[in-house]
Amino acid sequence: MTRRAGLFLTGLTLLALIAPGLAPYDAGESFQNFLHAPPMRPHFDGLSPVVHPVVLADRLEQRFATDRSRTIRMPWVERDPAAPVFLLGADDFGRDVLSRLLFGARASIGLAMVATFGAVLIGALAGAWAGYRGGWVDDVIMRVADFVLVLPVIYVVLVLRAALPLTPLPVSTVFLLVSVIFVLVGWPFVAKGVRAIVAAERSREYVQAAQSLGAGPVRILAVHLLPACGGHLLVQATLLLPAFILAEATLSYIGLGFPDPVASWGTMLAGAGNYNAIARFPWTLAPAVAIFAIVLSTNLLASQPAQNRD
Amino acid sequence: MGRYLLRRLGFAILLVIGVSSAALLLTRIAPGDFAEIQGIDLSADERQELRRSLGLDRSLVSQYLSWLGGAVRFDFGRSLLYSRPVSALVGERALNTAVLAIFALIAATLIGIPLGIYTGTRTGVVRSIVRAISSIGISIPPLIGSLALVFVAARTGWLPVGGMTSSAGTELTWAAWFADLARHVPLPALALAIPLAATLERLQSEAIASASREPFVAASRARGVDRPRSILHHAWPVSLRPVLGLYGVTIGTLFSGSFVVEVVTSWPGLGRLMFDALKARDLFLVAGCAATGAFFLAAGTLVADLLLAYSDPRVRSGEAA
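Chains as they are written, first to last, in my numbering: chain X, 12 to 321; chain H, 2 to 322.
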């Protein structure tokens, strides 16, 4: 599990970093004649993949017809602003859903990564301190952790976010504020396990040996005890990451996350619109599929060792 | 048992007061107040007048203390946004959320538990299929599930989408209203129930598999009890402990999930009310919603704990567990 989790997290980080580079168009590039254009199915013309362009059949109803007499090459090879290629369709502003999905991966996964890192760091420090010191420090930290764990996460996030300005904020501010909020609700999940491990390991011989050699608490925690928590930290990070991706999607969906023009999976879902729009243009729900894929892979990852044990 | 209950009650009261106070204070110190957000087109003087008439110009401490004084007598003040008593407003919406949560909980139990018993005690193709489906189900969070269900419903027209009833404002007979409600419940309830049912299936499956390996189950089979009976009457009761433990945690999850589902499907529940109140800086309504939420949370955890204790025969018969 720990090795797979490490690979999974590394893979997602790489995806978030390189995804925008793979996008055929810019996240904000809108094609006015292609509002809600449907996905175009690629096929092969010889060796190069091509698509048939779509033309507007009814502007008011946003209906399109496929022009089978012409083919256009992939946008990575050749870009024609008059005939854009929408492999996953276009959204309500005529922006390429695939490109926004890839740019959105950077915002959504990036935010979740930063928040996960923060939550694991704070949780590890708090849990280690509680487990090592014991006594009232332990009591206070663990009471607070338990209290946060009882509360419904979404509401805590919602109230904390609503306590900040509701007017649109710059993207970097949102990124920072939302990650801080996620860290505040996420650290107890990490701290509880770390505390248990540290409290159990504290009295082991190798720790006593280190103590008798004159090692201070910081050195013992950093060099001897926290490495023992490595597996736990990795597993918790793998569990927190999809939860934070989902939380960003929820916040942005209700309009308290990233501001509108920014491409994130949450703002894209928010832009999918009402019931009629969802029924007619289901490709705008592409980020939902992406989130589902990430949650599913996390769950398969988490259930793997249980199956091996049987 | 009496002392335990008393301690839990004390914790519940602390939770309700703590959570609602925190919500009230946070909303109060948040930038922008009700007069500023609701009265965009008012002049500075008019806004000040509005503040005075609503009592928003008082200091934080006096405002909080007068609210707290009312709250302990179950007077949660008036909503600024709706000009109605908070308790009446919150009561209506909390009922709507409860309807949703209860249907979801029942559906998840009826689907998850039997399937869990099945997959935990059988082998074969059907078991693998059920397990695969539950792997998928557990990965469909309410946000994704409700969007997907909205798409299916809007495409096929099988179920109405949005709201709790389709006849806003018209008078209906009780029977017609109920039938209408019954058509609107399944979609949001299912979105909430899917991941929960899958989680229950997982847990029940593991629990009953380990309970079936206990010697007393083999003993019951040796005495000539047939297999279904030995599973249901001997292994299942023992496996209930971890499963019931999940129900305590579930209340918080249901609440979080129901907020999302309420927003996506326009279900007029507590979550949406609190969201609107937060956006309008309607601090008394925020505090009232938070208090109600905390109350449900504490009550739900308590019921789950009691069920858990009751499922243990040592507790039931008065022995020390």
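Glycine included, each C-beta is placed from N, C-alpha and C at the ideal position. These figures come from a predicted structure and were not determined experimentally.
Coil, strand or helix - residue i by DSSP
i: residue 67(X); result: strand
i: residue 293(X); result: helix
i: residue 319(X); result: Residue confidence for residue 319(X) is low, a pLDDT of 44 falling below 50, so the modelled location carries little weight and cannot support an answer.
i: residue 63(H); result: helix
i: residue 42(H); result: coil
i: residue 111(X); result: helix
i: residue 41(X); result: strand
i: residue 226(H); result: coil
i: residue 214(H); result: coil
i: residue 47(X); result: coil
i: residue 13(H); result: helix
i: residue 145(X); result: coil
i: residue 5(H); result: helix
i: residue 322(H); result: Caution is warranted here: a pLDDT of 43 is assigned to residue 322(H), below 50, making its placement in the model unreliable, and no coordinate value can be reported.
i: residue 219(H); result: helix
i: residue 257(H); result: helix
i: residue 153(X); result: helix
i: residue 90(X); result: coil
i: residue 227(X); result: coil
i: residue 160(H); result: coil
i: residue 167(H); result: coil
i: residue 26(H); result: helix
i: residue 32(H); result: coil
i: residue 177(X); result: coil
i: residue 310(X); result: helix
i: residue 287(X); result: helix
i: residue 268(H); result: coil
i: residue 303(X); result: helix
One or two residues paired with residue i in a DSSP bridge
i: residue 84(X); result: 61(X)
i: residue 299(H); result: In the DSSP output, where bridge partners are listed per residue, residue 299(H) has none listed.
i: residue 86(H); result: 79(H)
i: residue 54(X); result: 61(X)
i: residue 106(X); result: 41(X)
i: residue 101(X); result: 107(X)
Residue closest to residue i, alpha-carbon to alpha-carbon, out of the options
i: residue 310(X); options: 132(H), 111(H) and 100(H); result: 132(H)
i: residue 162(X); options: 243(H), 134(H), 41(H) and 297(H); result: 297(H)
i: residue 85(X); options: 128(X), 126(X), 36(X) and 79(X); result: 36(X)
i: residue 41(X); options: 92(X), 33(X), 54(X) and 87(X); result: 92(X)
i: residue 201(X); options: 109(X), 233(X) and 153(X); result: 153(X)
i: residue 36(H); options: 22(H), 82(H) and 76(H); result: 82(H)
i: residue 253(H); options: 178(X), 189(X), 160(X) and 306(X); result: 160(X)
i: residue 279(H); options: 76(H), 27(H), 248(H) and 216(H); result: 27(H)
i: residue 252(X); options: 156(X), 150(X), 23(X) and 293(X); result: 23(X)
i: residue 258(X); options: 55(X), 302(X) and 243(X); result: 302(X)
i: residue 213(H); options: 124(H), 175(H), 239(H) and 295(H); result: 239(H)
N-terminal and C-terminal residue of the alpha helix (DSSP H) that residue i is part of
i: residue 77(X); result: Unbroken run through residue 77(X) is the beta strand (DSSP E), 74-77; no alpha helix (DSSP H).
i: residue 77(H); result: Element bounds for residue 77(H): n/a, residue is neither H nor E.
i: residue 183(X); result: 182-212
i: residue 22(X); result: 13-33
i: residue 178(H); result: 175-185
i: residue 279(X); result: 276-282
i: residue 277(H); result: 271-281
i: residue 128(H); result: 126-139
i: residue 263(X); result: 241-264
i: residue 145(H); result: 143-157
i: residue 173(X); result: 164-173
Neighbour flag for residue i against chain B, beta carbons, 7 angstroms
i: residue 117(H); result: The structure shown contains no chain B; the protein chains it does contain are X and H.
Residue i Cβ short of 6 angstroms to the ligand SAH heavy atom set
i: residue 81(H); result: With respect to the ligand SAH, the structure offers nothing, as it holds no ligand at all.
Quick check: the segment 48-56 of chain X against the segment 9-27 of chain H, are at least 3 beta-carbon pairs closer than 8 angstroms?
No, the segment 9-27 of chain H is not in contact with the segment 48-56 of chain X.
Should the segment 281-294 of chain H be regarded as contacting the segment 61-79 of chain H, the criterion being three or more beta carbon pairs within less than 8 angstroms?
Contact between the segment 281-294 of chain H and the segment 61-79 of chain H is present, because at least three Cβ pairs lie under 8 angstroms.
Hey, is the segment 191-210 of chain X in contact with the segment 118-136 of chain X, meaning 3+ C-beta pairs nearer than 8 angstroms?
The segment 118-136 of chain X and the segment 191-210 of chain X touch, with three or more beta-carbon pairs separated by less than 8 angstroms.
Is it a yes or a no for the segment 89-105 of chain X touching the segment 163-171 of chain X, going by three-plus beta-carbon pairs under 8 angstroms?
Taking 8 angstroms as the limit for Cβ pairs, the verdict is that the segment 163-171 of chain X does not touch the segment 89-105 of chain X.
When the Cβ atoms of the segment 146-156 of chain H are set against those of the segment 205-223 of chain H, are three or more pairs found closer than 8 angstroms?
No, the segment 146-156 of chain H is not in contact with the segment 205-223 of chain H.
Is it the case that the segment 96-110 of chain H contacts the segment 119-134 of chain H, given that we only count it when at least three CB pairs across the two stretches are under 8 angstroms?
No: fewer than three Cβ pairs fall under 8 angstroms.
When the Cβ atoms of the segment 230-247 of chain H are set against those of the segment 135-147 of chain H, are three or more pairs found closer than 8 angstroms?
These segments do not touch.
The segment 257-269 of chain X touching the segment 210-224 of chain X, judged by at least three CB pairs closer than 8 angstroms:
Touching, no.
Count Cβ pairs between the segment 40-50 of chain H and the segment 255-267 of chain H that sit closer than 8 angstroms; are there 3 or more?
The segment 40-50 of chain H, when compared against the segment 255-267 of chain H, does not touch it at the 8 angstroms Cβ threshold.
Taking 8 angstroms as the cut-off, does the segment 136-153 of chain X touch the segment 278-289 of chain X (at least 3 CB pairs, one atom from each stretch)?
With a cut-off of 8 angstroms, the segment 136-153 of chain X and the segment 278-289 of chain X do not count as touching, because too few Cβ pairs lie within range.
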